[in-house]
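Every number in the working numbering is 1023 more than the matching position in the sequence shown, counting from 1.
Ideal Cβ positions, reconstructed from N, Cα and C, are used throughout, including at glycine.
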Amino acid sequence: MLYVEANGARIPAIGLGTWELRGRTCARIVEQALRLGYRHIDTAQIYENEREVGDGVRSSRIRRSDIFVTTKVWTTHFAPNDLLRSAKESLVRLRMPEVDLLLLHWPNPQVPLVETLGALAQAKQLGLARHIGVSNFTVALIEQAVSLCHEPLVCDQVEYHPYLDQTKVRAACAQAGMALVAYSPIAKGNVKTDMALARIASSYGKSAAQVCLRWLVQQNVVAIPRTSKIERLSENIEIFDFALGDADMNEISAMATARGRLTDFGFSPKWD
Ligand code: 1BO
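Okay, here's the thing in structure tokens:
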């Protein structure tokens, strides 16, 4: 496993995303992923699966200290006292004394960022989280957050895959020493039917999904593919035995389009 170092955190470069995984399927996938070598699990309060993620971690029998667990605070809990209460409730559901990374899930302009970040930093100081960070933050928001937070932010978790250009966010993260964590790294499965990716993939004896994940990791990006299929778990982690050449890296980077974003809501910020 490769790791991405960011402001004191050491984040396994491939993690398991659990958005939309629920109940026993979620617990089983988490357990199986850990048995197959995953060491990074991503959940969130809003996913309503923290309990099952915790169950999966315990059933795997892998030492908790060897696993990097991320959760996120939902935007309705960004007032300082709410944030701390919400983080503690997440830990109760996970049945863990701390998480490795606690994120603000989306920006919320209704609550002053300085107050929310103050509470997030306090969560770290209280030992509820080893590291803190943000998600779905734009360049301007990253810059604001970095200047307002008195604890280092270790990542911005955003949608990133070959069809979505994240050059600006990537540069802002690098400038701040933060990692970019990519959700939907295989574009919700769309890459699997892409002829150009299939051509590149076949030249390495790999799948299109593996090539996408490798393309991300070679940019020092952390990727958290989600799957509910046990057989896909191995595929998504078997990307450390080959390297994409520069021409292939550039060809994949050129696949981005203006309509590449797959996750967008009425409450999203104005994207870069
Ligand atoms: C609403 C959840 C988006 C990805 O974490």
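Following a CB-centred definition, is residue i positioned closer than 7 Å to any heavy atom of ligand 1?
{"i": "Trp1042", "result": "yes"}
{"i": "Thr1286", "result": "yes"}
{"i": "Ala1296", "result": "For the chain, the structure presents residues 1024 to 1295; residue 1296 sits outside this window and is missing."}
{"i": "Tyr1183", "result": "no"}
{"i": "Tyr1227", "result": "no"}
{"i": "Tyr1061", "result": "no"}
{"i": "Tyr1206", "result": "yes"}
With 16 as the cutoff for other CB atoms within 10 Å, does residue i come out buried or exposed?
{"i": "Ser1088", "result": "exposed"}
{"i": "Gln1068", "result": "buried"}
{"i": "Phe1160", "result": "buried"}
{"i": "Val1137", "result": "exposed"}
{"i": "Glu1028", "result": "exposed"}
{"i": "Phe1265", "result": "exposed"}
{"i": "Asn1104", "result": "exposed"}
{"i": "Gly1228", "result": "exposed"}
{"i": "Thr1062", "result": "For the record, residue 1062 in the displayed sequence is Arg; it is not Thr. Arg1062 comes out buried."}
{"i": "Ser1291", "result": "exposed"}
Residue i by DSSP, collapsed to three states: which one?
{"i": "Thr1099", "result": "helix"}
{"i": "Arg1081", "result": "helix"}
{"i": "Cys1196", "result": "helix"}
{"i": "Arg1074", "result": "helix"}
{"i": "Leu1106", "result": "helix"}
{"i": "Gly1212", "result": "helix"}
{"i": "Ile1260", "result": "helix"}
{"i": "Arg1058", "result": "helix"}
{"i": "Gly1289", "result": "coil"}
{"i": "Val1234", "result": "helix"}
{"i": "Leu1044", "result": "coil"}
{"i": "Thr1250", "result": "coil"}
{"i": "Val1244", "result": "coil"}
{"i": "Val1093", "result": "In the sequence as displayed, the identity of residue 1093 is Thr instead of Val. If DSSP states are grouped into helix, strand and coil, Thr1093 belongs with the strands."}
So, residue i versus residue j, is the Cβ gap smaller than 8 Å?
{"i": "Val1134", "j": "Ala1168", "result": "no"}
{"i": "Gly1079", "j": "Cys1049", "result": "yes"}
{"i": "Ala1232", "j": "Asn1213", "result": "no"}
{"i": "Arg1108", "j": "Glu1073", "result": "no"}
{"i": "Val1244", "j": "Tyr1183", "result": "yes"}
{"i": "Ala1144", "j": "Cys1172", "result": "yes"}
{"i": "Ala1146", "j": "Leu1176", "result": "no"}
Just curious, the beta strand (DSSP E) that residue i is in, first and last residue?
{"i": "Arg1153", "result": "Ala1152 to Ser1158"}
{"i": "Ala1032", "result": "Ala1032 to Pro1035"}
{"i": "Gln1180", "result": "Leu1176 to Glu1182"}
{"i": "Glu991", "result": "Because residue 991 is not part of the residues shown, which for the chain are 1024 to 1295, the question remains open."}
{"i": "Leu1203", "result": "Ala1202 to Tyr1206"}
{"i": "Val1027", "result": "Tyr1026 to Ala1029"}
{"i": "His1063", "result": "His1063 to Asp1065"}
Span of the alpha helix (DSSP H) holding residue i?
{"i": "Gly1271", "result": "It is Asp, not Gly, that sits at residue 1271 in the sequence shown. Start and end: Asp1269 to Ser1276."}
{"i": "Tyr1227", "result": "Met1218 to Tyr1227"}
{"i": "Ile1165", "result": "Val1162 to Leu1171"}
{"i": "Ala989", "result": "Outside the modelled stretch of the chain, which goes from 1024 to 1295, sits residue 989, for which no answer is possible."}
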